[in-house]
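I have placed the structure first, in the form of structure tokens, so that the comments after it can refer back to it.
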Amino acid sequence: MHATESRSERLAERYGTSRSAGRTLAARIGIGILALVFLATVIWVGLVVSSSSPVKVTTTGYTHVSDTQMRVSFELNTKPGTAVRCSVEALNGNRGQVGFTSVEVPQQSERVSHHSVVVTTQQPAVSGVVKSCTPL
């Protein structure tokens with residue numbers, strides 16, 4: 001080593017020169033833009049997937065028929081001419097499942113249709129819900 005060689009020169013020789021502030025800023029901006037593009041893509045895909053679901057269902061009500069039966073009403077929104085299978089649950093006061101049925105809804109001529117199904121229960125139910133509906 002030479003006596004005239006400064007400490008910074010020795011470090012630069014050993015580890016390489018540091019990036020200039022301009023290059024570092026440009027790299028950070030580039031990474032930020034890539035992150036924003038990635039986030040926008042994830043959000044867009046999520047919205048497209050959730051809005052393109054061919055079947056949408058809303059539980060509109062439930063009626064206690066007896067200690068062993070619960071009537072569950074629901075609104076079905078699907079493309080006309082699509083047959084659907086729905087899974088329906090009856091629940092007790094602790095939100096535990098006490099009854100379950102699967103019902104086939106035949107093709108409808110209208111996009112929105114209203115239906116109800118009686119669910120047989122093992123013990124008294126206090127509510128009912130349509131868990132899912134899928135096209136057949």
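The numbering of the sequence shown is my numbering, which starts it at 1 and goes up by one.
Even for Gly, the Cβ is constructed at its ideal location relative to N, Cα and C.
Going by C-alpha distance, which of LEU11, GLN123, GLY61 and ARG23 is nearest GLN97?
-> Comparing alpha carbon positions, the residue from LEU11, GLN123, GLY61 and ARG23 closest to GLN97 is GLN123.
Note down the Cα distance separating ASP67 from VAL130, rounded to an integer number of angstroms.
-> 20 Å
Does the Cβ-Cβ distance between PRO135 and THR78 come in under 8 Å?
-> Contact: yes.
Measuring CB to CB, does HIS88 end up less than 8 Å from VAL117?
-> Checking the displayed sequence, the identity of residue 88 turns out to be Val instead of His. In contact: VAL88 and VAL117 (Cβ atoms closer than 8 Å).
Alpha carbon to alpha carbon, what distance is there between VAL42 and GLU104?
-> 34 Å
Nearest to SER109 by alpha carbon, out of GLY128, ARG28 and PRO80?
-> PRO80
CYS86 and VAL112 closer than 8 Å at C-beta = no
For THR121, does the count of other Cβ atoms within 10 angstroms reach 16, so buried, or fall short, so exposed?
-> buried
Tell me SER8's beta-bridge partners as DSSP assigns them.
-> DSSP output for SER8 lists no bridge partner at all.
Cβ-based burial, GLY99 [other Cβ within 10 Å; buried from 16] | buried
Identified DSSP bridge partners for GLU104 = Looking at the DSSP output, GLU104 sits in a beta bridge with ARG85.
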